[in-house]
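So the structure is just underneath, and the comments pick up after that.
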Amino acid sequence: MSDPVSGKPCVFCEIIKGERPAYVVLDEPDAVAFLDTRPLFKGHTLLVPREHYETLTDLPAELVGPFFQLAQRLAGAMESTLDAAGSFVAMNNRISQSVPHLHVHVVPRNRKDGLRGFFWPRGKYESDAEAADYASRLAEAMTVQGR
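Residue numbers (the UniProt record's numbering): 1 to 147.
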């Protein structure tokens with residue numbers, strides 16, 4: 001698979017095929033996990049589906065549960081094996097997605113490790129009415145998608 005923007009081969013697909021080196025942490029029939037080459041903290045792991053899907057919304061519904069069960073196992077391994085107090089589990093969809101192949105970051109965390117919450121500024125709604133409007137529109141979309 002190729003990057004739709006650059007036309008270059010997908011780095012993660014190359015890792016999955018064994019064409020590019022990586023420190024593999026997990027090799028399952030539907031997913032692979034490997035160390036991030038630019039980790040936030042040592043042990044920072046990327047979990048990717050073996051099949052190329054660009055975003056979470058592209059991942060078939062029947063794979064979502066098994067995929068996130070692997071993320072759950074990785075988060076547990078951060079604590080049991082790396083003596084981390086917890087973990088940070090995150091993904092980007094398109095925006096800030098450095099490789100356009102669905103991937104979940106699982107990062108070991110400890111108190112006072114220097115990572116401060118989210119990496120972007122947080123804001124507020126202008127009013128309760130504005131918050132209610134956002135909630136209503138999202139709830140309606142969820143109802144339509146659930147059908």
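Note that CB positions come from ideal geometry on N, CA and C, so glycine has one too.
Alpha carbons only, please: which of the options is nearest the one belonging to residue i?
| i | options | result |
| --- | --- | --- |
| Leu40 | Ser136, Gly114, Arg137 | Gly114 |
| Tyr53 | Asp30, Phe34, Leu35 | Asp30 |
| Glu51 | Arg137, Ala129, Ile16, Gln69 | Ile16 |
| Phe43 | Leu70, Arg116, Glu130, Met78 | According to the sequence shown, residue 43 is Gly rather than Phe. Considering only alpha carbons, the answer is Met78. |
| Arg73 | Ala141, Val32, Ala61 | Val32 |
Look at residue i and residue j and say whether their C-beta atoms are less than 8 angstroms apart.
| i | j | result |
| --- | --- | --- |
| Leu59 | Pro66 | no |
| Pro36 | Leu26 | Correcting the residue type first, residue 36 is Asp in the shown sequence and not Pro. No. Outside cutoff. |
| Asn93 | Thr55 | yes |
| Met91 | Val104 | yes |
| Arg111 | Ala85 | yes |
Ordered along the chain, which non-local residues of its own chain (more than five positions away) have a Cβ less than 6 angstroms from that of residue i?
| i | result |
| --- | --- |
| Phe88 | Val107, Arg109 |
| Ser96 | none |
| Glu14 | Arg20 |
Could you check the C-alpha separation between residue i and residue j for me, to the nearest Å?
| i | j | result |
| --- | --- | --- |
| Ala132 | Gly123 | 16 angstroms |
| Pro21 | Tyr125 | 46 angstroms |
| Gly7 | Leu102 | 17 angstroms |
| Glu28 | Phe34 | 12 angstroms |
| Asp83 | Ser127 | 43 angstroms |
| Met1 | Gly18 | 14 angstroms |
| Arg116 | Glu62 | 34 angstroms |
| Val24 | Arg38 | 15 angstroms |
| Ala129 | Pro9 | 46 angstroms |
| Ser136 | Val64 | 25 angstroms |
| Met68 | Ala139 | The question names Met, but residue 68 in the sequence shown is Phe. Computed Cα separation, rounded: 23 angstroms. |
| Ala71 | Ala141 | 26 angstroms |
Within its chain, find whatever has a CB closer than 8 angstroms to the CB of residue i; leave out the 5 residues flanking it on each side and keep chain order.
| i | result |
| --- | --- |
| Thr57 | Asn93 |
| Ser80 | none |
| Tyr134 | Tyr125 |
Once you ignore the five residues that flank residue i on each side, which residues in its own chain have a CB closer than 7 angstroms to its CB?
| i | result |
| --- | --- |
| Phe12 | Val48, Val99, His101, His103 |
Step through the CB atoms of chain B and report whether any lies within less than 8 angstroms of the CB of residue i.
| i | result |
| --- | --- |
| Asp128 | Of the chains in the structure shown, none is chain B; there is only one protein chain. |
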